[in-house]
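First comes the structure, then the notes that go with it.
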Amino acid sequence: MAEAAASAQSGKVVIRNIGLLLSGDLDRPILDADTIVIDDGLITAVGQAADCNTEGATTVIDARGTCVAPGLIDSHVHPVFGDWTPRQGQLGWIDSSMHGGVTTMISAGEVHLPGRPKDIVGLKALAITAQRAFDNFRPGGVKVLAGAPVIEKGMTEQDFKDLADAGVKLLGEVGLGSVKAGYEAQQMVAWARKHGIQSTIHTGGPSIPGSGLIDKDVVLEADADIIGHINGGHTALPEAHVCELCEKSSRGIEIVHNGNERVAIAAAQAAMQLKCPHRVILGTDGPAGSGVQPLGILRMVSMLSSLANIPAELVFCFATGNTARMRQLNCGLVEPGRAADFVFMDRAQHTAGRTLLESVQLGDIPGIGMVMIDGLVRCGRSRNTPPATEIPVVV
Ligand SMILES: [Zn+2]
-5 MAEAAASAQS GKVVIRNIGL LLSGDLDRPI LDADTIVIDD GLITAVGQAA DCNTEGATTV
55 IDARGTCVAP GLIDSHVHPV FGDWTPRQGQ LGWIDSSMHG GVTTMISAGE VHLPGRPKDI
115 VGLKALAITA QRAFDNFRPG GVKVLAGAPV IEKGMTEQDF KDLADAGVKL LGEVGLGSVK
175 AGYEAQQMVA WARKHGIQST IHTGGPSIPG SGLIDKDVVL EADADIIGHI NGGHTALPEA
235 HVCELCEKSS RGIEIVHNGN ERVAIAAAQA AMQLKCPHRV ILGTDGPAGS GVQPLGILRM
295 VSMLSSLANI PAELVFCFAT GNTARMRQLN CGLVEPGRAA DFVFMDRAQH TAGRTLLESV
355 QLGDIPGIGM VMIDGLVRCG RSRNTPPATE IPVVV
């Protein structure tokens, strides 16, 4: 389990011979380019080799005709501390997810911490500690945006101001604590928003003993920034209520791996029909009762592409650019100025699909040949995906 120093610099990196470049941008999902130039972790140029200044690179990567996409963003995880989850007593789940192409994870609350404090001072202290700890520690190089307090009755606007002043930028899933009524949640979500803290609400039935039901009316009244696991975590609301949420709210539509698959497909199709695919973002909601899923985001991409009939290049945007824009992250899109976080993929060996995108649309998951974060190579051939047909090489 390599811990990447947050301060390591990539120097100048050139990625050449890219066969397919996915942008993360729904409006232009495939770029007409075969070269990316990086300087100290940030993209400086994207284009054809002849148009890019590739001189003086300290690292050159020959993509060997494979696909390069923005690193995947898992919009919904429940980390605790380090690369450990008490949910299933596992070590190394974040590093394993990096081998599944995930380069950024967003905490929806450190709710699995044994003995998690529920008093207001305690929950604030935990959030601040988690934010600091993951800011200082990046398992496998993955950027874990943590420190997501679960709101409880009795919190005042000053509490949200204190959290924001201390660097907390996220709320844990609204509804996992004692605040379950729509009017109460709405007030606290508004205080959070006023102080620059983004909110996510639990949607659907209880996830594990101790959590509760949040129905469509509470979701609409609370008006959190993200309709968290709209397909349930795992128990979903009735399909008609999920479609109503897509229609009546303008907030993020988060679809998760640890949810109801049938409703996941319905939610994605509703977003397409309502012409708001830019609102769709993907998460795993792991670690969960179902365990950890290092390939969870890739599996979501394949499932939505194959069963909801959405072109694969668009579904990759749900897991990259959409999330980056909604959550104001400097990653997720292939354009100058953005973080050089990439996943290199090719069609898995012996898939029936003739191309990477076709293989995903047939329901197979791609093979990962390399993952890069901040311009630094974090792994070569993935230990978790089916083997990629071709893999990139460091020249
Ligand atoms: Zn939940």
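Residues -5 to 389 in this note's numbering are what the sequence shown spells out, letter by letter.
Backbone N, C-alpha and C define an ideal beta-carbon position, used for all residues, glycine too.
Note that this is a predicted model, so its numbers are computed, not measured.
Beta-carbon gap between Val337 and Ala63 smaller than 9 Å: For this step, residue 337 is matched to residue 343 along the sequence shown. For this step, residue 63 is matched to residue 69 along the sequence shown. Closer than 9 Å, so yes.
Glu215 CB to nearest heavy atom of ligand 1 below 8 Å: Position 221 of the sequence shown, counted from the first residue, corresponds to residue 215. Glu215: no, Cβ never under 8 Å from ligand 1.
Any residue whose CB is nearer than 7 Å to a heavy atom belonging to ligand 1, listed in chain order: Ala102, Glu167, Leu170, His196, Ser201, Ser205, Gly222, His223, Gly227 and Asp279
Which of helix, strand or coil DSSP assigns to Lys137: For the purposes of this step, residue 137 is taken as residue 143 along the sequence shown, with counting starting at 1. In this structure, Lys137 counts as strand in the three-state DSSP scheme.
Ordered list of beta strand (DSSP E) runs contained in the segment 60 to 102, each at least 3 residues: 61 to 64, 66 to 71 and 96 to 101
Complete runs of the alpha helix (DSSP H) confined to the segment 339 to 376 [at least 4 residues]: 350 to 355
Under the three-state DSSP convention, the category Gln322 falls into: Within the sequence shown, residue 322 is the residue found at index 328, counting from 1. If DSSP states are grouped into helix, strand and coil, Gln322 belongs with coil.
Separation of Ala218 from Gln180, as counted between CA atoms: Locating residue 180 in the sequence shown gives position 186, where the first residue counts as 1. Locating residue 218 in the sequence shown gives position 224, where the first residue counts as 1. If I take the Cα positions, the gap works out to 8 Å.
Boundaries (first-last residue) of the beta strand (DSSP E) holding Ile304: The residue given as residue 304 occupies position 310 in the sequence shown. Unbroken run through Ile304: none, as it is neither H nor E.
Cβ-Cβ separation, Gly169 to His196 (assumed contact under 8 Å), whole Å: Translated into the one-based positions of the sequence shown, residue 196 becomes position 202. Translated into the one-based positions of the sequence shown, residue 169 becomes position 175. Correct: roughly 4 Å between the Cβ atoms.
C-beta atoms of Ala342 and Thr314 nearer than 9 Å: What you label residue 342 is simply residue 348 of the sequence shown in a count that begins at 1. What you label residue 314 is simply residue 320 of the sequence shown in a count that begins at 1. No, Cβ-Cβ distance for Ala342 and Thr314 is not below 9 Å.
Ala398, buried or exposed, once every other Cβ within 10 Å from all chains shown has been counted against 16: The first residue shown for the chain is -5 and the last is 389, placing residue 398 beyond what the model contains.
Endpoints, beta strand (DSSP E) assigned at Ile411: The question about residue 411 has no answer here: the residues shown for the chain are numbered -5 through 389.
Distance, Phe131 Cα to Ala(-4) Cα: Taking the sequence shown and counting its residues from 1, one reaches residue -4 at position 2. Taking the sequence shown and counting its residues from 1, one reaches residue 131 at position 137. Note that Ala(-4) scores a pLDDT of 47, beneath 50, so its modelled location is shaky; the value from the coordinates is reported in the next line. The straight-line gap from Cα to Cα measures roughly 10 Å.
Spatial neighbours of Asp211 in its chain, beta-carbon cut-off 7 Å, leaving aside the 5 residues before and after: Residue numbering aside, residue 211 sits at position 217 when the sequence shown is read from its first letter. Closer than 7 Å at the Cβ level, and outside the excluded window around Asp211, lie Gly176.
Phe75 and Glu104 closer than 9 Å at C-beta: In the sequence shown, residue 75 corresponds to position 81, counting from 1. In the sequence shown, residue 104 corresponds to position 110, counting from 1. The answer is yes: Cβ separation under 9 Å.
Asp113 to Arg256 span [Cα, whole Å]: What you label residue 113 is simply residue 119 of the sequence shown in a count that begins at 1. What you label residue 256 is simply residue 262 of the sequence shown in a count that begins at 1. Approximately 38 Å between the Cα atoms of the pair.
Residues of its chain near Gly277, where Cβ-Cβ distance is below 6 Å and the 5 sequence neighbours each way are ignored: For the purposes of this step, residue 277 is taken as residue 283 along the sequence shown, with counting starting at 1. For Gly277, where only same-chain residues beyond five positions count, the Cβ hits under 6 Å are Asp68, Ser69, His70, Glu248 and Val250.
Cβ-based burial, Ser244 [other Cβ within 10 Å; buried from 16]: On the sequence shown, residue 244 is found 250 positions in, with the first residue counted as 1. With fewer than 16 other Cβ atoms within 10 Å, it is exposed.
Presumed contact (8 Å Cβ cut-off) between Met320 and Ile367, rounded CB distance: Locating residue 320 in the sequence shown gives position 326, where the first residue counts as 1. Locating residue 367 in the sequence shown gives position 373, where the first residue counts as 1. Between Ile367 and Met320 the Cβ distance is about 20 Å, and since that is not below 8 Å, they are no contact.
Sub-9 Å separation of Ile55 and Met364 beta-carbons: By one-based count along the sequence shown, residue 55 stands at place 61. By one-based count along the sequence shown, residue 364 stands at place 370. Yes.
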